[in-house]
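S.K.:
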Amino acid sequence: MKKSKRQDLVTMIVKQNHIYKKADIIDYIDDHFGIRYSMTTIARDLRELNIFRLPAESKQFEYKILNNQSQIDAKIKLDDYLETEIISTVIKESYILIKTSPGFAQSINYYIDQLQLKEIVGTISGNDTIMILTHSKAMAEYVYYKIFNHNYS
C-alpha cells in the first residue's frame with residue numbers, strides 16, 4: 011500500500027473509531043487489510059497527519075485530528091516546554107500555578123492561550139510563574155489534564 015493511501019486509511023480509522031493506542035491502528039489495518047505496519051511507520055504517519063493523543067472526556071487518551079493550525083503548533087511547542095522548562099505545578103481551589111525556568115513563563119503562557127481551552131477563564135504570567143484561572147477545582151483538574159496529558163497528583 012502506498013504511503014498516501016495508508017495515510018488516508020489512518021485518517022479514516024481515527025475519524026470513525028475511538029483509538030487509544032497506536033497498536034489499535036496497526037491491528038485494525040492488519041485485521042481488515044492483512045497488512046502489518048511497524049509502530050514507527052504509524053507514529054510517523056500520525057505526526058505528519060497532525061493526529062495527536064489528547065485527553066478524552068473519559069479521562070483516557072484518544073487520538074484526534076487537530077485542524078486549527080495555531081492549536082497544532084501550540085500543542086507541539088507546549089509538549090517540548092513541558093519536558094524541559096516546567097519545574098513544578100500545583101492546583102489551589104480554582105486555579106493552577108505553574109513554576110517554570112526563569113524567563114519561560116510568558117512563552118509557555120502564550121502557547122496555553124493558543125490551545126483555546128473554553129474551560130480557562132484567564133491566564134496571568136510573570137517571569138517564572140503562570141496562573142491559570144478556572145471556575146472550580148474540578149475544572150482546574152480537568153484543564154491540568156488537558157495541558158499536561160496526565161492527572162494531577
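Using the numbering used here, the letters of the sequence shown map in sequence onto residues 11 to 163. By construction, the Cβ of each residue, glycine as well, lies at the ideal position given by its N, Cα and C atoms.
(1) Spell out a yes or no on whether the stretch 99-117 and the stretch 39-55 are touching, meaning 3 or more CB-CB pairs, one atom from each, closer than 8 angstroms.
(2) Which whole-angstrom value is the C-beta distance of L107 and T139, which I expect to be below 8 angstroms?
(3) Counting Cβ pairs, one atom from each stretch, are 3 or more of them under 8 angstroms apart for the stretch 79-98 and the stretch 24-32?
(4) Can you tell me which residues form a DSSP beta bridge with Y38?
(5) Please report how far the alpha carbon of I157 lies from the alpha carbon of Q70, in whole angstroms.
(6) Identify which residue in A115, H42, M149, K15 has its Cα closest to the Cα of K128.
(7) By the three-class DSSP mapping on this structure, what secondary structure does K109 have?
(8) Would you kindly work out how many angstroms separate the C-alpha atoms of I61 and T21, rounded to a whole number?
(9) The alpha helix (DSSP H) with M22 in it runs from where to where?
(10) Would you mind giving the Cβ-Cβ distance between L125 and A84, rounded to the nearest angstrom? I have them listed as a contact below 8 angstroms.
(11) Any idea if I45 is buried or exposed, counting beta-carbon neighbours within 10 angstroms, 16 or more meaning buried?
M.R.: Put simply:
(1) Segments in contact, no.
(2) Indeed they touch by this definition, with Cβ atoms about 7 angstroms apart.
(3) No, the stretch 79-98 does not touch the stretch 24-32.
(4) Under DSSP, Y38 forms no beta bridge with any residue.
(5) About 14 angstroms.
(6) Nearest of A115, H42, M149, K15 to K128, Cα basis: M149.
(7) When secondary structure is reduced to three states using DSSP, K109 falls in the strand class.
(8) I61 and T21: Cα-Cα distance of roughly 8 angstroms.
(9) Per DSSP, the continuous alpha helix (DSSP H) segment holding M22 begins and ends at 13-26.
(10) Rounded to whole angstroms, the Cβ separation of L125 and A84 is 5 angstroms, and the two are in contact under 8 angstroms.
(11) I45 should be labelled exposed.
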